[in-house]
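Visitor:
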Amino acid sequence: CGTFSELLHHFLRQLSSAQREQWDIKARSLAWKTGGVCSTKVGSRLGNAKKNRYKDVVPYDETRVILSLLQEEGHGDYINANFIRGTDGSQAYIATQGPLPHTLLDFWRLVWEFGVKVILMACQETENGRKKCERYWAQDQEPLQTGPFCITLTKETPVNADVVLRTLQVAFQKESRSVHQLQYMSWPDHGVPSNPDHILTMVEEAHRLRGAGPGPLCVHCSAGCGRTGVLCAVDYVRQLLLTQTIPPNFSLFDVVLEMRKQRPAAVQTEEQYRFLYHTVAQLFSRTLQNTSPHHQNLKEVQNPQFDSFFFSFGQPSTLLYSSREQQLTHCERLLCLLGTPSSGCPLTSAPTVTSIRGTASRPSPPAFPAELCPNLQGCLVPQDLPSLACLIPPTRWGSQVLAEPLTAHSSPGRLTLWVSLPLALPDGN
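Anchor point for the sequence shown: position 175 equals 451 in this note's numbering, and the numbering is continuous, going up by one each time.
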């Protein structure tokens, strides 16, 4: 239990470097793409490109989902989807875009062929007046027929204020299967949910419905990258905790970086990355509360002040800070809440951050300035990034659907980031 507490402390220290980490992830992802490390040749072919919702989100060839069922004329083996490995190395997730009108059949081919039992949907059909996903499920008394697949709605019930569960019956030839769909109804476009608890409930419900049998989780939003990546990453960390296989040098940076090698732009924005940190911290907190009640730090972790200060958000905007001083003060208070009365704040020095799966180690950021955080001298802090111009060639990517610059419909907070780092960012994440 003491080791787990140290792991929690180590993880929380990394929160202060979230912005810097996310910029690093974007820079590396762009370098892979421009350097040909992650090829997208198949999805860029003329016959397949029309099946991509956004021209700048094309699945990587190495991990793309290849369809074999029902290879009829006009319906080849291509779909805009990638496998993402789970904690055991298996193809645990299928990250895909929201279906288009002419890819509904391909979507259900995917679900049927790979034995998908649960679909996680993190968008709405229409957001801010723009179509984000074609309805691929049946409504009450209104079956949906696409090719040889007939989909009917068995039951629709709310899981909580944000999540709806639909139980679908899918018939193909002489066989019928149940498929469950969990839709998060209020995840704002380019934003984050207001409460991580409902995300955790959604993921937990998905595993309850899926059971212990085979079959990947199918996860999608509009583009199948930003919101989709957050859900996959949350579930990935949850599995590490459940199986007690989380490494001592655990880092969300490494988790997201690995997912970026398998699906373009997974966990797309800084706000999503920061929300992922908060949600995973909630997972850690739950796990710690389920361990021995005699643990020396358990009382502090269960303190209502800790819960209300760190985990309860009124609006998504509270995840961001208007100044560097506010961010550092937040981290200082949070970390010191985990300290013991005898030792005070336990974080007097920062351990070396190592990487997993052979990725390069990151340079250590500077220490907290004493004038802002007197109790956290020596701990990790955000660092202004050096110029990334050498890594980023000029780009003029835009949204295929809107035919306008991507920055035209972004929030002010992310506008600066996108201009400084011109990575392809679709309008539906």
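Positions of the beta carbon are idealized from the N, C-alpha and C atoms, including for glycine.
Starting from LEU485 and walking both ways along the alpha helix (DSSP H), at which residues does that stretch end?
Guide: Run containing LEU485: 472 to 486, per the alpha helix (DSSP H) assignment.
Visitor: I need the straight-line Cα distance from ASN471 to LEU559, nearest angstrom please.
Guide: If I take the Cα positions, the gap works out to 13 Å.
Visitor: How far does the alpha helix (DSSP H) with THR310 in it extend, from its first residue to its last?
Guide: That run of the alpha helix (DSSP H) goes 294 to 310.
Visitor: Below 6 Å CB to CB, which residues in the same chain sit around PHE287 once its five sequence neighbours on both sides are set aside?
Guide: Closer than 6 Å at Cβ, skipping near neighbours: no residue.
Visitor: Could you tell me whether the stretch 485 to 498 touches the stretch 528 to 541, using the rule of 3 or more Cβ pairs below 8 Å?
Guide: Segments in contact, no.
Visitor: From what residue to what residue does the alpha helix (DSSP H) around GLN565 run?
Guide: Its alpha helix (DSSP H) spans residues 546 to 565.
Visitor: Which of the three DSSP states, helix, strand or coil, is assigned to GLN520?
Guide: Three-state DSSP puts GLN520 in coil, outside helix and strand.
Visitor: If we count the other Cβ atoms within 10 Å of its Cβ and call it buried at 16 or more, is PRO658 buried or exposed?
Guide: Reliability fails at PRO658, whose pLDDT of 37 lies under 50, so the model's placement of it is uncertain and the value that follows must be treated cautiously. Per the 10 Å Cβ criterion, buried.
Visitor: Taking the alpha helix (DSSP H) that MET535 belongs to, which residues open and close that run?
Guide: Here the alpha helix (DSSP H) through MET535 covers 528 to 536.
Visitor: Name the two residues that bound the continuous beta strand (DSSP E) containing VAL440.
Guide: Where VAL440 is concerned, the enclosing beta strand (DSSP E) stretches over 439 to 448.
Visitor: Would you call the CB atoms of GLN445 and ILE427 closer than 9 Å?
Guide: Result yes, Cβ atoms of GLN445 and ILE427 sit closer than 9 Å.
Visitor: Can you list, in chain order, the residues of its chain with a C-beta nearer than 8 Å to that of VAL392? Leave out the 5 residues immediately preceding and following it.
Guide: Result list for VAL392: ILE370, LEU386, VAL455, GLY491, PRO492, LEU493 and CYS494, in chain order.
Visitor: Which class does GLN415 belong to by DSSP, given the choice of helix, strand or coil?
Guide: Of the three classes helix, strand and coil, the one that applies to GLN415 here is strand, per DSSP.
Visitor: When you compare only the Cα positions, how much space is there between GLY487 and GLN295?
Guide: Taking the straight line joining both Cα atoms gives about 36 Å.
Visitor: Answer with buried or exposed for GLN373, where buried requires no fewer than 16 other C-beta atoms within 10 angstroms of its C-beta.
Guide: GLN373 comes out buried.
Visitor: List the endpoints of the continuous beta strand (DSSP E) containing LYS431.
Guide: Unbroken beta strand (DSSP E) run through LYS431: 425 to 434.
Visitor: With H, G and I counted as helix, E and B as strand and the rest as coil, what does DSSP make of PHE287?
Guide: Reduced to three states, the DSSP call for PHE287 is helix.
Visitor: For GLY500, I'd like the list of residues in its chain whose CB is within less than 6 Å of its CB, leaving aside the five on either flank, ordered along the chain.
Guide: So the list reads ALA371, THR372 and GLN373, once near-sequence residues are dropped.
Visitor: Measure the C-alpha to C-alpha separation of VAL341 and TYR354 and round it to an integer number of angstroms.
Guide: Their backbone Cα atoms lie some 7 Å apart in a straight line.
Visitor: Measure the C-alpha to C-alpha separation of GLU576 and ASP473 and round it to an integer number of angstroms.
Guide: Its pLDDT being 38, under 50, GLU576 is placed unreliably by the model, and the measurement read from it follows with that caveat. Near 20 Å, if we compare the C-alpha coordinates of ASP473 and GLU576.
Visitor: Classify SER293: buried if its beta carbon has 16 or more other beta carbons within 10 angstroms, exposed otherwise.
Guide: Counting Cβ neighbours within 10 Å, SER293 comes out buried, since at least 16 surround it.
Visitor: In the DSSP output, what is ILE370 paired with across the bridge?
Guide: DSSP lists PHE359 and CYS494 as partners of ILE370.
Visitor: In terms of residues, what are the limits of the alpha helix (DSSP H) holding GLU389?
Guide: Where GLU389 is concerned, the enclosing alpha helix (DSSP H) stretches over 380 to 389.
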